[in-house]
Structures are given as C-alpha cells and as structure tokens.
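Scroll down for the structure; my scribbles are underneath it.
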Amino acid sequence: MSSDANTILNILYPLVPFYIAYIISSFIDGWFISKGKTYYNTINSFLVNIVYYGIAFILFNKGLFELNIMFVILLFGFGNVFHMLISIFLYKIEIKRKNKEI
1348 MSSDANTILN ILYPLVPFYI AYIISSFIDG WFISKGKTYY NTINSFLVNI
1398 VYYGIAFILF NKGLFELNIM FVILLFGFGN VFHMLISIFL YKIEIKRKNK
1448 EI
C-alpha cells in the first residue's frame, strides 16, 4: 500500500456512486432474505452474473473494450447498478403481489 495517495483516490472516487447502488441493493436483498423470498435473489444473481457479465465478456473478447483499471471499475460499478435496478424491480413486484393478497 505504499502507492501514491492520488493513485488510490483516482480508483476510490469513481467507485463511490457504485457502492451507493450496492448499499441500496443490499438492503432490498436482505429484505427478501428476511421474508423468505430468496428466489428473487436467485433471479437477480442469474441476470447479473450470466446476462450482464456474459454480455460484457463477449464484447470484451470481440475487442470492444480495452483492459485497464477504469474498465474494471466501470464493469464492476455498472454491475452493481444493474443489480440494484433488478432488486428495485423485483421488490416492486413483491409489494404489488402482497397488496393483492390483502
């Protein structure tokens, strides 16, 4: 960790908004777990890990992306955003289902 502080901050600052997305999705995923609705987490994991990262892998192999630290940051970060959006969507579905039961 004897790197220049600016080097570390250049990695850290772009990650901050992506970690906010991670926090939001973690709350929703935890809610699913607490309610026994873990199949929503399975759906989310499938979409993020197979679809999002699968498409990114194919595009990377076709040469559309250059491998560098910013690519890794953005790949990871937008994976978190994609996860958050799916979590929000699935949460809304569950709330609508719950309201119909009442």
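In terms of my numbering, the sequence shown has 1387 at position 40, counting the first letter as 1, and numbering is strictly consecutive. All residues carry an ideal CB built from backbone N, CA and C; glycine is no exception. Note that this is a predicted model, so its numbers are computed, not measured.
Assigned secondary structure, F1418 (DSSP; H/G/I helix, E/B strand, else coil)
helix
- request: Pull up the distance between the alpha-carbon of L1432 and that of I1380, whole angstroms please.
  value: 18 Å
**Asked** Would you say A1368 and V1428 are within 8 Å of each other, going by their C-beta atoms?
**Response** yes
Review point. CA-CA distance, L1421 and S1372?
Key: 17 Å
**Message:** Going by DSSP, what residue range makes up the alpha helix (DSSP H) through N1408?
**Reply:** Y1400 to N1408
- request: May I ask you to report which of helix, strand or coil DSSP gives S1434?
  value: helix
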